[in-house]
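Q: One structure is given below, represented as structure tokens, and several questions about it will come after.
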Amino acid sequence: MKRFILLVLDFFYQPFAKLMPLQTFRYLACGSGNTAMDILLYYVSYHFILHENPIHFSFLTVSAHIAALFMAMIVTFPTGFLLSKFIVFSESNLRGRVQLMRYFMLVGICICLNYGFMKLFVEYFHIYPTIAKVLTTIFVVGFSYLTQKKFTFKVKASA
């Protein structure tokens, strides 16, 4: 599967070769696919699973637009990690468990950013939740790419 994905990505990279490095293209392609899946899962969760209704626990009520974030992430966390590890940043020489822990921390920060932006956009700016999710994604993706490249999947210098 890895070989097939790389073959397809490298084929479509040719027109973009003068615009960006291969790794950046792979990140954008894999990230775009995972993000599109995230937005689709968010939309389905929000509208068709939750029916735009909050989830009530005995001690807490979670709004539908926030619950849908977590529902989508159940799928996109593992797919995002695997694509980053094996397709985008495959030259990283950090141990897999170190990468996973760092990726987990990064996702935790991204969850906080997603939560904060969603609360801000939906509850204070009154932006439609799916549009708010797209806007939030734009901010979070830039942060995520830089963090993955420089921290999560960095290449340790040889001694």
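Using full-length UniProt numbering, the first residue of the sequence shown is number 1, and each one after it goes up by one. Note that the Cβ used here is the ideal one computed from N, Cα and C, for glycine as well.
Relative to the C-alpha of F139, which residue among I5, F86, I109, E123 is closest?
A: The residue you call residue 139 lines up with position 139 of the sequence shown. Checking every option, the nearest Cα to that of F139 belongs to I109.
Q: Confirm, please, whether the CB-CB distance from M37 to T76 is below 8 Å.
A: Here residue 76 refers to the residue found at position 76 when the sequence shown is read from its first residue. Here residue 37 refers to the residue found at position 37 when the sequence shown is read from its first residue. Yes; because the gap between Cβ atoms is below 8 Å, this pair is in contact.
Q: If you draw a straight line from the C-alpha of A17 to the C-alpha of L6, how long is it?
A: By 1-based counting over the sequence shown, the position of residue 17 is 17. By 1-based counting over the sequence shown, the position of residue 6 is 6. Looking at the two C-alpha atoms, the distance is approximately 15 Å.
Q: In whole angstroms, give me the CA-to-CA distance for G31 and G80.
A: Taking the first residue of the sequence shown as position 1, residue 31 is located at position 31. Taking the first residue of the sequence shown as position 1, residue 80 is located at position 80. Distance between the alpha carbons of G31 and G80 is about 7 Å.
Q: Is A157 buried or exposed, if buried means 16 or more other CB atoms sit within 10 Å of its CB?
A: Counting from 1 along the sequence shown, the entry for residue 157 is found at position 157. With fewer than 16 other Cβ atoms within 10 Å, it is exposed.
Q: Which residue wins for smallest C-alpha separation from residue 161, given the options L83, I55, F11, H47?
A: No answer is possible for residue 161: it lies beyond the span of the chain, which begins at 1 and ends at 159.
Q: Given a cut-off of 8 Å on the beta-carbon distance, is the pair V88 and R26 in contact?
A: Here residue 88 refers to the residue found at position 88 of the sequence shown. Here residue 26 refers to the residue found at position 26 of the sequence shown. Contact: yes.
Q: Taking only three categories from DSSP, how would you classify I55?
A: For the purposes of this step, residue 55 is identified with residue 55 of the sequence shown, where counting begins at 1. Strand, per DSSP.
Q: Since I49 and M71 are thought to touch, with beta carbons under 8 Å apart, how far apart are those beta carbons, to the nearest angstrom?
A: The count along the sequence shown starts at 1 and reaches residue 49 at position 49. The count along the sequence shown starts at 1 and reaches residue 71 at position 71. About 7 Å; that satisfies the 8 Å criterion.
Q: The alpha helix (DSSP H) spanning H47 covers which residue range?
A: Counting from 1 along the sequence shown, the entry for residue 47 is found at position 47. First-last for H47: undefined, no H or E at that position.
Q: Taking the alpha-carbon of G116 as reference, which of M20, K133, T147, S45 has the nearest alpha-carbon?
A: Here residue 116 corresponds to residue number 116 of the sequence shown, with the count starting at 1. The shortest Cα separation from G116 among M20, K133, T147, S45 belongs to K133.
Q: Thinking just about the alpha-carbon of each residue, which of V8, R3, Y46, F57 is nearest to the one in M73?
A: Mapped onto the sequence shown, residue 73 falls at position 73. Ranking the options by Cα distance to M73, first place goes to Y46.
Q: In terms of residues, what are the limits of the alpha helix (DSSP H) holding F153?
A: Numbered from 1 along the sequence shown, position 153 holds the residue referred to as residue 153. Counting along the chain, F153 falls outside any alpha helix (DSSP H), and DSSP gives it neither H nor E.
Q: If you draw a straight line from the alpha carbon of L69 to that of Q148, how long is it in whole angstroms?
A: Start at 1 with the first residue of the sequence shown, and residue 69 comes out as number 69. Start at 1 with the first residue of the sequence shown, and residue 148 comes out as number 148. Going from the Cα of L69 to the Cα of Q148 covers about 21 Å.
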